[in-house]
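Asks: Be aware that the sequence shown starts at 1, since it is given in UniProt numbering, and climbs by one per residue. No residue lacks a Cβ here, since even glycine has one placed at the ideal position from N, Cα and C. If you scroll down you'll find the structure; I have some questions about it.
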Amino acid sequence: MKVVVLTGAGISAESGVPTFRDSDGLWEGHDVMEVATPEGFAANPVLVQRFYDLRRAHLAKVEPNAAHVALARLEESLGDDLLVITQNVDDLHERAGSTRVLHMHGELLSALCLSCGARFPWETDLSDSPPCPACGESTLRPDVVWFGEIPYRMDEALQALQEADLFVAVGTSAQVQPAAAFVHWAAEQGARTLEINLAGTISTDDFDESRQGRAGDLLPQWVEELLAEG
Ligand code: APR
Numbered sequence: 001m002k003v004v005v006l007t008g009a010g011i012s013a014e015s016g017v018p019t020f021r022d023s024d025g026l027w028e029g030h031d032v033m034e035v036a037t038p039e040g041f042a043a044n045p046v047l048v049q050r051f052y053d054l055r056r057a058h059l060a061k062v063e064p065n066a067a068h069v070a071l072a073r074l075e076e077s078l079g080d081d082l083l084v085i086t087q088n089v090d091d092l093h094e095r096a097g098s099t100r101v102l103h104m105h106g107e108l109l110s111a112l113c114l115s116c117g118a119r120f121p122w123e124t125d126l127s128d129s130p131p132c133p134a135c136g137e138s139t140l141r142p143d144v145v146w147f148g149e150i151p152y153r154m155d156e157a158l159q160a161l162q163e164a165d166l167f168v169a170v171g172t173s174a175q176v177q178p179a180a181a182f183v184h185w186a187a188e189q190g191a192r193t194l195e196i197n198l199a200g201t202i203s204t205d206d207f208d209e210s211r212q213g214r215a216g217d218l219l220p221q222w223v224e225e226l227l228a229e230g
């Protein structure tokens with residue numbers, strides 16, 4: 001059985017990583033257009049670099065939670081038949097043991113050089129304009145996808161959705177495209193669909209089944225059920 005799991009900020013919430021649109025979410029304290037668009041970065045690069053420096057540094061203080069661990073366990077059983085497509089830019093899936101993770105919005109722990117296009121694992125600040133290890137130019141930016149930019153590896157994501165027997169969305173408010181359309185792409189070709197989220201979303205009615213509660217509780221339960229189905 002081929003399974004695609006889409007994760008959003010809600011899967012990392014119990015690890016202490018803020019979501020975007022909940023009451024204490026990231027977008028409550030910041031202007032999206034200022035810190036999550038190429039135009040905002042061009043207008044105030046140091047402010048934007050510092051916004052991501054803080055989020056990158058925070059990752060060192062948090063740990064994967066039971067939901068991340070459950071998906072890593074599912075990969076141990078399903079292997080290449082499981083793909084996690086995450087909107088999250090944290091590394092909690094990988095730290096829980098998942099290896100088949102597609103970061104469609106990029107990764108905080110990666111830097112992209114605007115001069116030569118090279119990418120590098122990056123754990124420290126970028127607001128002090130370090131030189132690109134490849135070309136030496138001080139033109140590194142966070143390797144994350146901003147509004148108005150093209151999400152990464154969508155061809156691979158679409159291929160996996162075309163082949164999926166089961167599509168699960170975990171911890172996402174379904175407010176951002178193209179991720180919010182994945183449930184339709186999967187259902188159109190016959191996949192069963194399940195939403196696991198703290199609360200209902202604008203897409204809840206588009207899923208065959210919706211389970212509402214904390215991902216740390218519901219995802220391990222669902223993985224146990226799926227593995228018991230054999
Ligand atoms: N368990 C399950 N779901 C949770 C939990 C939890 N413990 N805590 C919060 N949630 C749910 C919320 O109810 C909400 O529906 O997670 C969802 C988080 O929604 P958003 O904050 O909108 O995050 P997300 O859907 O991942 O945002 C998508 O928007 O700003 C862009 O690039 C950013 O990747 C992000 C994209």
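Just list the beta strand (DSSP E) runs in the stretch 88-126, keeping only unbroken ones of 3 residues or longer that don't cross its boundaries, in chain order.
Replies: 101-103, 106-113 and 119-121
Asks: Residues in its own chain within less than 6 Å of L83 by CB, not counting five upstream and five downstream?
Replies: Stepping through the sequence shown from its first residue, residue 83 is reached at position 83. Result list for L83: V4, R100 and A160, in chain order.
Asks: Should L158 be listed as close to the ligand APR, given that the test is whether its C-beta is under 7 Å from any heavy atom?
Replies: Position 158 of the sequence shown, counted from the first residue, corresponds to residue 158. Not so, every heavy atom of the ligand APR lies at least 7 Å from the Cβ.
Asks: What residues are listed by DSSP as bridge partners for Q212?
Replies: Numbered from its first residue, the sequence shown carries residue 212 at position 212. Note: Q212 sits in a beta bridge opposite N197.
Asks: Under 7 Å from any heavy atom of the ligand APR, does the C-beta of L6 make it?
Replies: If you number the sequence shown from 1, residue 6 lands on position 6. No, since every heavy atom of the ligand APR falls outside the 7 Å radius drawn around the Cβ of L6.
Asks: Return the Cβ separation of A215 and G148 in integer angstroms, given the expectation that the two are a contact with Cβ distance under 8 Å.
Replies: The residue you call residue 215 lines up with position 215 of the sequence shown. The residue you call residue 148 lines up with position 148 of the sequence shown. Not confirmed; about 29 Å, so no contact.
Asks: Is the beta carbon of L140 less than 8 Å from the beta carbon of R56?
Replies: In the sequence shown, residue 140 corresponds to position 140, counting from 1. In the sequence shown, residue 56 corresponds to position 56, counting from 1. It is not a contact, given that the beta carbons lie outside the stated cut-off.
Asks: Collect the residues with a C-beta less than 5 Å away from any heavy atom of the ligand APR and give them in sequence order along the chain.
Replies: G8, A9, G10, A13, E14, T19, F20, R21, Q87, H105, G171, T172, S173, V176, N197, L198, A199, R214 and A215
Asks: For D80, tell me which candidate among E63, L102 and R211 has the shortest Cα-Cα distance.
Replies: On the sequence shown, residue 80 is found 80 positions in, with the first residue counted as 1. Among E63, L102 and R211, the Cα nearest to that of D80 belongs to L102.
Asks: What are the boundary residues of the alpha helix (DSSP H) that includes P142?
Replies: Here the question's residue 142 lines up with position 142 in the sequence shown. Not the alpha helix (DSSP H): P142 falls in the beta strand (DSSP E), residues L140 to V144.
Asks: Is it buried or exposed, G40, if we count other Cβ atoms within 10 angstroms and call 16 or more buried?
Replies: For the purposes of this step, residue 40 is identified with residue 40 of the sequence shown, where counting begins at 1. It counts as buried.
Asks: Between the alpha carbons of P38 and D165, how many angstroms are there, rounded?
Replies: As a first step, residue 38 must be located in the sequence shown, where it is residue number 38. As a first step, residue 165 must be located in the sequence shown, where it is residue number 165. For P38 and D165, the distance between alpha carbons rounds to 37 Å.
Asks: Excluding the five sequence neighbours on either side, which residues of its own chain have a C-beta within less than 8 Å of the C-beta of N44, listed in chain order?
Replies: As a working note, residue 44 is residue 44 in the sequence shown. So the qualifying residues of the chain are E34.
Asks: I need the boundaries of the beta strand (DSSP E) containing A169, first residue and last residue.
Replies: For this step, residue 169 is matched to residue 169 along the sequence shown. Segment L166 to V170, the beta strand (DSSP E) holding A169.
Asks: Work out the CA separation of E123 and P130 for me, nearest whole Å.
Replies: Here residue 130 is taken as the residue at index 130 of the sequence shown, counted from 1. Here residue 123 is taken as the residue at index 123 of the sequence shown, counted from 1. Cα to Cα, P130 sits roughly 12 Å from E123.
Asks: Please check the pair L198 and Q212, which I expect to be a contact at CB under 8 Å, by giving their CB distance rounded to whole angstroms.
Replies: In the sequence shown, counting from the first residue as 1, residue 198 sits at position 198. In the sequence shown, counting from the first residue as 1, residue 212 sits at position 212. Taking a contact as a CB-CB distance under 8 Å, the pair L198 and Q212 counts as one, their CB atoms being some 7 Å apart.
Asks: Please report the residue range of the alpha helix (DSSP H) in which V17 lies.
Replies: Along the sequence shown, one-based indexing puts residue 17 at 17. No alpha helix (DSSP H) contains V17, which DSSP labels as neither H nor E.
Asks: Can you tell me whether E75 is buried or exposed? The criterion is at least 16 other CB atoms within 10 Å of its CB, across all chains shown.
Replies: By one-based count along the sequence shown, residue 75 stands at place 75. Classification of E75: buried, given that the 10 Å Cβ count is 16 or more.
Asks: Which of the three DSSP states, helix, strand or coil, is assigned to R56?
Replies: If you number the sequence shown from 1, residue 56 lands on position 56. In this structure, DSSP gives R56 a helical state, which the three-state scheme calls helix.
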